[in-house]
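A.B. asks:
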Amino acid sequence: MITCYLRYIIDPYRLAEFEHYAKLWIPLVEKFGGQHHGYFLPSEGSNNVALALFSFPSLAAYEHYRGLSMADPECLAAFAYAEQTRCILSYERSFMRPLGIESR
Numbered sequence: 000m001i002t003c004y005l006r007y008i009i010d011p012y013r014l015a016e017f018e019h020y021a022k023l024w025i026p027l028v029e030k031f032g033g034q035h036h037g038y039f040l041p042s043e044g045s046n047n048v049a050l051a052l053f054s055f056p057s058l059a060a061y062e063h064y065r066g067l068s069m070a071d072p073e074c075l076a077a078f079a080y081a082e083q084t085r086c087i088l089s090y091e092r093s094f095m096r097p098l099g100i101e102s103r
């Protein structure tokens with residue numbers, strides 16, 4: 000399993016728009032076989048950093064999802080929404096291998 004960690008720098012004055020964007024993506028990741036662990040929005044401290052975590056069975060499965068998402072009308076609409084509202088200033092993506100209780 001591979002978990003994608005996304006760290007967003009968002010416009011703090013467009014938090015409502017980013018929250019809408021996030022709600023669009025949770026079912027879209029799941030539509031393509033991923034497991035979304037949620038978005039984490041600013042609360043205390045920094046007001047312009049948000050996180051998202053989601054997992055796929057493998058990096059190949061993630062790459063397949065990425066390819067499909069570039070042609071999916073719902074995904075394209077979500078990308079366009081973020082671009083139109085400019086709620087995301089930048090982001091970085093990292094991949095991690097989960098280690099949990101079941102690994103003991």
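Numbering that gives the first Met the number 0 puts the sequence shown at residues 0 to 103. The beta carbon of each residue, even a glycine, is placed where N, CA and C say it ideally should be. Remember, predicted model here, so these are calculated numbers, not experimental data.
1. Which residue spans inside the region 16-52 form an unbroken alpha helix (DSSP H) run of at least 4?
2. From the DSSP output, read off the bridge partner residues of E91.
3. Name the DSSP beta bridge partners of F55, please?
4. Kindly say whether A79, judged by its beta-carbon, lies nearer than 8 angstroms to any beta-carbon of chain C.
5. Residue range of the alpha helix (DSSP H) that A79 falls in?
6. Are G33 and F53 closer than 8 angstroms when you measure CB to CB?
C.D. replies: Considering the structure as presented:
1. none
2. In the sequence shown, residue 91 corresponds to position 92, counting from 1. Note: E91 sits in a beta bridge opposite R6.
3. On the sequence shown, position 56 is the one that residue 55 refers to. F55 pairs with I1.
4. Absent from the structure: chain C. Only one protein chain is present.
5. On the sequence shown, position 80 is the one that residue 79 refers to. P72 to T84 is the span of the alpha helix (DSSP H), which, as asked, contains A79.
6. Your numbering for residue 33 matches position 34 in the sequence shown. Your numbering for residue 53 matches position 54 in the sequence shown. Going by C-beta atoms, G33 is nearer than 8 angstroms to F53.
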